[in-house]
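Residue numbers (the numbering used here), protein chains in the order written: chain Z, 226 to 487; chain H, 1219 to 1317. Here is the structure we will look at, set down as structure tokens.
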Amino acid sequence: MSTVLFFVAALGALTGAIGVITIENPFYTVLALVSHLISLAALFLLLSAEFIAAAQVVVYAGAVMVLYTFVVSYVGGQDAQPRLGEPLGRPPGRAMTVAAWACGGALVLELGIAVLGSALKSINTRGAPIPPGFGQPAQIGDLLLTHFLAPFEIASYLLLVAAVGAVVLARRRGGIGDDDGIPVFSAMDIFRPPPPGTGTMAEGAGRREITREEPAAEGAGRGEITGEEPMAVGAGGRETTRGEPVAEGAGGGKITGEEPVA
Amino acid sequence: MSIEWYLVVSALIFAIGAGGVVTRRNPLVILLCLELMLNAANLALIGFSRMWGNADGQVFALIVMVVAACEVTVGLGVIVAMHRRRLPIDVDELRELRG
């Protein structure tokens, strides 16, 4: 039974892995990786690593793959377009090609001798006898909080740094930043006051042209149009600064469009 | 099943992932192939953990999963930033850092 399960799961894992590198559409690539990860979780179960198998399904096949799916549908599949431009670098000469094949063949031969000759004989085993509760969440948690406390804490800091880094990399300040949209990050940003509009919807909404009539008409009535800013924010009773974002101005203009303005 | 079968599967998955990293040009797919390689290492770690009857390897695999999640987060953030700047999503076209 365990043998049949192993071959089914191993075949699924290898098929998924081959699918990842052969399918053109990145969306189906992600789906192939999901099937690969679930098959791998079955292999983990066969190795009596129950907690790791559950974490694999929940964290990998669940959370990480959802993240991938979102990014693939955001960026879109661009892998099918033909190769543009010249190849990278100079094409290798004949001597370089021969040397590369020779080195690769030597590596394969050496690894084959090492693995088939000696290494795999020493691990031809069904494994040591395991205590009850091996691989259960209780044992993993016990190890993590006693023997491996420092790696556990370092991993949590790593997760924090990765989360902050992802937000910094992927954020967009098109609504309140410069209009060329190329962000420049600096460690001194921590000490500077944030630009006005930080934390509002204007930060992510981006710079957009205001074509509605009512904010422009409001602004025209007050004679405050400068550039493309509708300046209807001032009509809403708030003080308008020079760096007021356009998108926020549009929001203010929508509000004042419904309110009667004296 | 003896442990060596698991190690053979692990080696095959690692080789497939490494081949994908070398041959594919979409950075999203390259990240997926990196996941393949990390998972192959995880399978080997858990196989050795079962072989010795010691759960330390499973803790190691768990930490590897944490590192992989961080790598995915930052990598996908870079890809989204590339997409925002209208850069091509193609590792052959991205040569700004080449000397």
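Glycine residues also receive a C-beta, built at the ideal position from the N, C-alpha and C atoms.
The three-state reading of DSSP puts Met226 of chain Z in coil, since its state is none of H, G, I, E or B. Taking a Cβ-Cβ threshold of 9 Å, none of the residues of chain H is close to Thr322 of chain Z; the smallest such distance is about 16 Å. Going by beta carbons, Val1227 of chain H and Leu1261 of chain H fall inside the 8 Å limit.
With a threshold of 8 Å between beta carbons, Ile246 of chain Z makes contact with chain H. In the displayed model, Ser298 of chain Z falls within a helix according to three-state DSSP. Annotation: the continuous alpha helix (DSSP H) that includes Asp1274 of chain H extends over Asp1274 to Arg1302. If you draw a straight line from the Cα of Val340 of chain Z to the Cα of Phe1266 of chain H, it comes to about 16 Å. Contact note: Glu1253 of chain H reaches chain Z through Leu258, using a C-beta cutoff of 7 Å and chain order. Going by beta carbons, Ile1234 of chain H and Leu1250 of chain H fall outside the 8 Å limit. Proximity of the segment 246 to 259 of chain Z to the segment 273 to 282 of chain Z falls short of the contact definition, fewer than three beta-carbon pairs being nearer than 8 Å. The three-state reading of DSSP puts Glu1311 of chain H in coil, since its state is none of H, G, I, E or B. Below the 7 Å Cβ cutoff, chain H contributes Val1247 and Leu1250 as neighbours of Thr254 of chain Z, in chain order.
Sequence-distant partners of Leu1225 of chain H (beyond 5 residues in either direction) whose C-beta falls short of 7 Å from its own C-beta, in its chain, are Ala1262 and Gly1265. Out of Z:Ile246, Z:Ala353 and Z:Val233, the CA that lies nearest to the CA of Phe1232 of chain H is found in Z:Ile246. In chain H, no part has a C-beta under 7 Å from the C-beta of Leu370 of chain Z; the shortest such distance is about 11 Å. By the neighbour-count definition (other C-beta atoms within 10 Å, threshold 16), Ser298 of chain Z is an exposed residue. Taking a C-beta cut-off of 7 Å against chain H, the contacting residues of the segment 358 to 383 of chain Z are Phe359, Gly360, Gln364, Ile365, Leu368, Leu369, Phe373, Pro376, Ala380 and Leu383, listed in chain order.
For His372 of chain Z, the secondary structure class from DSSP, reduced to helix, strand or coil, is coil. Counting the other Cβ atoms within 10 Å of the Cβ of Tyr293 of chain Z gives 16 or more, which makes it buried. Close CB contacts of Phe269 of chain Z within its chain, under the 7 Å cut and outside five residues either way in sequence, are with Ile277, Ala278 and Gln281 (chain order). Here the alpha carbons of Thr371 of chain Z and Glu1222 of chain H stand approximately 31 Å from one another. Here DSSP, grouped into helix, strand and coil, assigns Ile355 of chain Z to coil. Out of Z:Ala325, Z:Gly366, Z:Ile243 and Z:Leu271, the CA that lies nearest to the CA of Val1277 of chain H is found in Z:Gly366. Boundaries of the alpha helix (DSSP H) harbouring Met321 of chain Z: Arg319 to Ala339, taken from the DSSP string.
For the segment 282 to 306 of chain Z, the residues whose beta carbon sits under 9 Å from a beta carbon of chain H are, in order, Val284, Tyr285, Ala288, Val289, Leu292, Tyr293, Phe295, Val296, Val297, Tyr299, Val300, Gly301, Gly302, Gln303, Asp304 and Gln306. Interface with chain H (8 Å Cβ-Cβ cutoff): Ile355 of chain Z is included. Contact check for Ala380 of chain Z against Val1284 of chain H passes: the beta carbons are separated by less than 8 Å.
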